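Trainee: Numbering-wise, the sequence shown is residues 1 to 344 according to full-length UniProt numbering.
Backbone N, C-alpha and C define an ideal beta-carbon position, used for all residues, glycine too.
All of these numbers come straight from a predicted model, not from anything done at the bench.
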Amino acid sequence: MRALSVHQHEHGGTLVLDDVPEPAPDDGDLLVEAVALGVCGTDREIVAKGPRQIPAGRTGLILGHESLGRVLEAPPGSPVTAGDLVVGIVRRPDPVPCASCAAGQFDLCENGRFTERGILGRDGFGSERFRLEPDYAVRVDPALDLAGVLLEPTSVVAKAWELLDHHAVRRPRRRALILGAGPIGLLAAFLAVQRDLDVHVVDRLAHGPKPRQVRALGATYHSSPESARGTFDAVVECSGALLAEAVERTAPGGAACLVGAGDVRSAGAINPADLARRLISRNRTLIGTVNSNRRHFEAAHAALRRADPAWLDGLLTDCVPLESWPAAFDTDPERIKAVVHFTA
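#1: Do you know offhand how far valine 264's Cα is from alanine 241's?
#2: Use the C-beta contact count for asparagine 293: other C-beta atoms within 10 angstroms, 16 or more gives buried, fewer gives exposed.
#3: At the level of alpha carbons, what is the spacing between valine 169 and valine 339?
#4: Which residue from Leu68, Tyr221, Glu226 puts its Cα closest to that of leucine 150?
#5: Would you kindly work out how many angstroms separate the C-alpha atoms of aspartate 207 and glutamate 10, rounded to a whole number?
#6: Just list the alpha helix (DSSP H) runs in the region 182-211, keeping only unbroken ones of 4 residues or longer that don't cross its boundaries, in chain order.
#7: Name the one or two DSSP bridge partners that proline 321 has.
#8: Measuring only the C-alpha atoms, how far is cysteine 319 from proline 183?
#9: Is it true that the region 324-331 meets the region 154-171, where meeting means three or more beta-carbon pairs spaced less than 8 Å apart?
#10: Consult DSSP for alanine 267 and reduce its assignment to one of helix, strand or coil.
#11: Within 8 Å, do at least three Cβ pairs link the region 43-53 to the region 73-80?
#12: Please report the straight-line C-alpha distance between proline 55 and arginine 229, rounded to a whole angstrom.
#13: Using a Cβ-Cβ cut-off of 8 Å, state whether alanine 234 counts as contacting chain B.
#14: Could you pull out every residue in the same chain whose Cβ sits closer than 8 Å to the Cβ of alanine 188, ignoring the five residues on either side in sequence?
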């Protein structure tokens, strides 16, 4: 079968469309036919730098953690059956789990000896067929169709909002600021709108699909942080470059959640002493998150089912067949989400 595999070389990684063996039954009792694969910055970073950990006995890592597939085979008693659309949960706990992993909160792993499908030590979902353990398969409403591939990134922001709901001050009409209008930023705005917040989104583009998607939500779009005036009860920093802005724009008693990985543009923007002063003096909370567990996938699924299908389709700006996979890894500031189609 065909698979998108990353191979290590001296200066980084090389992504190729490989012929690989069929997935081993040891990988899970569910045999799944790939329908689509979402491509994100993590995938591009793995390709650029090479995989950090290749599965034992392999020469490359099958890429892909944003999955959508259809079950071909399922054992009796499985929570999903043949024909169901599913998405795979990404992280797997250490076989000797920490306390968090043992409680199903493997996104909070304390010992760091986890694996992640398509990222760290486990093949991903970028192959024509893959296997899943039933406990790590999330059934997808067929009405979502191709937008089901958004479930994994939505689960990440569902976790961010779970944290913000707990930490941010409660007011009759809370304001939310989203820094960055990539897929994560737009999905964060989408979940904020579902919470009936006054939502503002900042990105650097003045025109194109990103401002359109924000306005279609009923949120306010800004092409610079300066035009988003005032402070906000909840801030979601998705760009990785606006740490100082995220903290400064958080209202007294409010909370900021960092979702974007650290960007070199934020280096030196705020020193630790100044950060502590800004947080303590205004009773602000700063939190960060990455990855998600089943609870967040299920919350994401519930949120996506309530979405306008046309709005979700507007996020999928670049959908290419497997044969044209290189186009999905190109970078374009106007692109939102690139998706590789495995089946028609």
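Mentor: The relevant details are as follows:
#1: Confidence at valine 264 is low in this model, with a pLDDT of 48, below 50, so the placement of that residue should be treated as unreliable; the coordinate-derived value is given next. Cα-Cα distance, rounded: 7 Å.
#2: buried
#3: 37 Å
#4: Leu68
#5: Note that residue 207 is histidine in the sequence shown here, rather than aspartate. Going by the C-alpha atoms only, they are around 40 Å apart.
#6: 183-194
#7: His341
#8: 14 Å
#9: no
#10: Its pLDDT being 49, under 50, alanine 267 is placed unreliably in this model, and the value from its coordinates should be taken loosely. DSSP places alanine 267 in coil when its eight states are reduced to three.
#11: no
#12: 49 Å
#13: Among the chains in the structure shown there is no chain B, since it carries only a single protein chain.
#14: Val157, Ala160, Trp161, Ile178, Val236, Cys238, Val259
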